[in-house]
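A.B. asks:
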Amino acid sequence: MKTYHRVRMFDTDCANVIFFGSQFRFFHEAIEALFDNLGFPFSEMFSTSPYFFVVIHASSDFLKPLMIGDPLTIETKLKGMGNSSWTLLFDLFRNEELVGRGEIVQVCLDAKTRDKMRIPDEFRNKVINYLKAI
């Protein structure tokens, strides 16, 4: 799945290059877009759903500096899905040039008990089918 952004002034630090936290924000926006496309918008996930996902691991590599105005394409891929967690990979491109990479692991929690739970089959199947189809 691809999402598109542009580096804004608030994404940069005093050296005029992307602030490290901004790259994670781009990943999170890609996750929100993925959930929307799957029919599980965050607005419902955190208000009416019997389960939700939280980040338990996040890593990021900066391969090239990004500056204000740079266009970004973020490609989101499924690395793997376990019983209660899944891993997404992110590639950031400025035009066709790979400029960053990331990985986020999320675990599924029961909304009432906040205990780890098996990823529901409905969600699991939608993720696998959607990300394979694009």
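Here the numbering used here is used: the first residue of the sequence shown is -8, the next is one more, and so on.
Glycine included, C-beta positions come from ideal geometry on N, C-alpha and C.
What separation, rounded to the nearest whole angstrom, lies between the Cα atoms of S38 and F10?
C.D. replies: Going by the C-alpha atoms only, they are around 31 Å apart.
A.B. asks: What are the start and end residues of the alpha helix (DSSP H) that includes E35?
C.D. replies: It spans F33 to M36 - the alpha helix (DSSP H) in which E35 sits, taken as one unbroken run.
A.B. asks: Can you tell me whether K103 is helix, strand or coil according to DSSP?
C.D. replies: Three-state DSSP puts K103 in coil, outside helix and strand.
A.B. asks: Could you pull the DSSP bridge partners for E94 from this structure?
C.D. replies: S50 and L80.
A.B. asks: Under a Cβ-count criterion, where at least 16 other Cβ atoms within 10 Å of its own Cβ denotes burial, should I22 be classed as buried or exposed?
C.D. replies: Its Cβ being crowded by 16 or more others within 10 Å, I22 is buried.
A.B. asks: Here's the rule I'm using: 16 or more other beta-carbon atoms within 10 Å means buried, otherwise exposed. How should D2 be labelled?
C.D. replies: Buried, since its Cβ has 16 or more Cβ neighbours within 10 Å.
A.B. asks: Does the Cβ-Cβ distance between L79 and I65 come in under 8 Å?
C.D. replies: Cβ distance not < 8 Å, so L79 and I65 don't count as in contact.
A.B. asks: Given a cut-off of 8 Å on the beta-carbon distance, is the pair Q97 and I47 in contact?
C.D. replies: For Q97 and I47, yes; Cβs fall inside 8 Å.
A.B. asks: On a CA-only basis, which of M36, G73 and R16 is nearest A49? Give me that one, please.
C.D. replies: Checked all of M36, G73 and R16; the closest Cα to A49 is R16.
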